[in-house]
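Encoded as structure tokens, the structure appears first; notes follow it.
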Amino acid sequence: MLDTQTGELPPLPCLNADDPAIRSRATVPRKFILSDEDMGVWQTSDAHHTLLLFLMRLADACTGQPTRLVPWDRSAHNPSDGINRVLTLLIELDTWTDEIAPLAGPQRFGNLAFRTWGARLAERVEVLHEALLPSSYRDYIRELVPYLLDAFGSFVRIDYGTGHELHFVAWLGFLVRLGVLPATEETETRLALEVLPAYLRVTWHLQDRYALEPAGSHGVWGLDDFHFVPYILGAAQLRDSALSPAEISDAALYPFSKRREPRTGPKLSPSDTLAYQLPRTVSPQPNLYVSSLARIHSLKRGPFEEHSPILYDIARNVAAWPKVYKGMIKMYDAECLMKRPVVQHFVFGAVGYVWPEKAVPAPQPTAASPRTVLPAAMPMGRPDRSERARMGLPLRYPTYGS
């Protein structure tokens with residue numbers, strides 16, 4: 001995806017949203033990934049490559065910079081600025097979480113009040129978009145709405161996972177490609193350092209308030225119960241850091257992880273988690289990698305190597321942040337974008353993310369035609385060594401670097 005001559009990422013493919021012909025094509029997106037054959041089509045699709053490119057551009061834009069903690073007050077953000085309008089939307093959603101109290105009484109999987117929250121979102125989502133988009137772009141609302149609706153969890157299963165996170169990233173990318181948010185480096189920087197941290201604050205609040213279940217969790221062998229993107233952006237923020245992954249991951253730097261009282265919820269609020277800074281001097285601070293580790297330590301008990309073995313493995317075996325970042329991108333592509341349980345819920349319209357009209361599955365790699373598009377997908381869990389050898393995968397799990 002990098003330009004082999006300059007080493008730079010290509011620009012995000014933008015849309016001429018003012019073109020009446022394009023505007024008239026906007027339609028309600030629907031699912032197309034229904035089989036393993038469809039996964040082959042998705043692998044080589046423009047939609048897949050555009051999403052990955054957008055995420056990598058966000059990561060490049062935030063390299064070496066700290067997370068920006070925005071004022072959590074709608075009146076503090078000038079509505080003439082598109083990024084501010086997105087932040088205002090997120091702050092409004094967060095107020096709903098305070099307003100809609102969890103239902104009392106024992107509930108087996110999550111709190112059913114989350115469905116009330118989801119019903120309010122479904123009722124108001126078009127109005128939220130009308131406040132966000134120019135009036136001439138209203139036709140695009142029908143194609144944007146499903147991405148935002150699915151960005152905060154499943155209101156049926158009362159869970160949240162990386163597929164929901166993906167829909168929010170896709171929604172932001174769609175706004176940039178339409179020109180609602182300018183396609184500039186400053187926009188990408190603000191999305192990475194202001195908007196996505198604000199989204200994390202909203203989703204962490206939802207997870208805590210309504211006891212959301214991890215969606216399709218891999219359990220202890222997943223990177224995180226709920227999220228992946230903050231580790232990518234956090235590793236990018238730390239690419240020039242003098243502290244190693246091992247030093248930043250030292251559990252002793254997160255003293256609240258040592259508390260022994262029964263767990264009744266997180267020991268840090270979402271806002272305090274985003275703002276958490278290590279006692280050692282580290283630049284930049286705060287950053288999303290440290291915030292994500294702080295979140296894990298505030299929620300889980302026991303040794304770090306037991307409840308988060310993949311993150312522990314990174315800390316022990318990867319010496320430099322550029323290598324962590326590169327490995328995170330490869331792992332995200334293999335374990336999220338190329339896993340059917342995650343992307344089978346992704347929807348395709350006729351403007352933003354389009355399913356190929358003449359869909360042809362990607363050819364399976366052979367000895368004569370090695371895989372060139374994507375690295376082999378890493379299975380989650382702990383497959384035995386003979387199985388990994390048969391698949392041509394490294395014997396260690398996960399593997400980072402080139």
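For what it's worth, full-length UniProt numbering labels the leading residue of the sequence shown as 1, then goes sequentially.
Where a beta carbon is used, it is the ideal one built from N, C-alpha and C, also for glycine.
- The C-beta distance from Phe54 to Leu12 rounds to 6 Å, short enough to meet the 8 Å contact threshold.
- Under the three-state reduction of DSSP, Phe304 is assigned to helix.
- If you check the CB distance, Cys62 and Leu144 do not come in under 7 Å.
- Approximately 6 Å separates the beta-carbon atoms of Ala59 and Leu233; this is inside 8 Å, confirming the contact.
- In the structure shown, Arg157 falls within a coil segment according to DSSP collapsed to helix, strand and coil.
- Going by DSSP, Gly173 is part of the alpha helix (DSSP H) stretching over 162-178.
- Looking at the DSSP output, Pro214 shares a beta bridge with Tyr160.
- By the C-beta criterion, the segment 109-118 is judged to be in contact with the segment 154-172, since at least 3 inter-stretch pairs fall below 8 Å.
- With 16 or more other CB atoms across the displayed protein chains lying within 10 angstroms of its CB, Phe226 is buried.
- Counted as a single uninterrupted DSSP element, the alpha helix (DSSP H) harbouring Gly40 occupies residues 36-43.
- Residues Trp42, Leu337 of the same chain have their beta carbon placed closer than 7 Å to that of His48, with the five preceding and five following residues left out of the count.
- Take the alpha-carbon of Lys323 and the one of Pro341: they are about 27 Å apart.
- For Thr50, the enclosing alpha helix (DSSP H) has its first and last residue at 46-61.
- In the displayed model, Phe114 falls within a helix according to three-state DSSP.
- Just measuring C-alpha positions, the residue of Gln207, Val169, Ala170 sitting nearest Ser154 is Gln207.
- When secondary structure is reduced to three states using DSSP, Arg295 falls in the helix class.
- Distances from the CA of Arg57 to each of His164, Thr187, Asp333 were compared; the closest alpha carbon is that of Thr187.
- Going by DSSP, Ile141 is part of the alpha helix (DSSP H) stretching over 141-149.
- Counting the other Cβ atoms within 10 Å of the Cβ of Leu34 gives fewer than 16, which makes it exposed.
- Following the DSSP letters along the chain, one finds Val86 inside the alpha helix (DSSP H) bounded by residues 82-99.
- Counting other Cβ atoms within 10 Å of its Cβ, Asp240 stays below 16 and is therefore classed as exposed.
- Here Arg201 is not near Leu132, since their CB atoms are 7 Å or more apart.
- Note on the segment 305-332: there is no whole beta strand (DSSP E) run with a minimum of 3 residues.
- When Leu103, His345, Tyr353, Ala350 are compared, the shortest CA-CA separation from Thr162 is found for His345.
- As a beta-bridge residue in DSSP terms, Lys31 pairs with Val347.
- Shown here for Val176: same chain residues with a beta carbon closer than 7 Å to its own, the five before and five after excluded, namely Leu12, Ala183, Thr187 in chain order.
- Here Ala294 is not near Pro245, since their CB atoms are 7 Å or more apart.
- Of the candidates Ala251, Tyr147, Ala319, the residue whose Cα lies closest to the Cα of Pro303 is Ala251.
- Straight across, the Cα-Cα distance linking Lys300 with Cys14 is about 42 Å.
- Note: Val354 is bridge-paired with Gly349 in the DSSP secondary-structure output.
- For the pair Tyr231 and Asp224, the Cα-to-Cα distance works out to about 9 Å.
- Phe32 sits buried, since 16 or more C-beta atoms from the chains shown fall within 10 Å of its C-beta.
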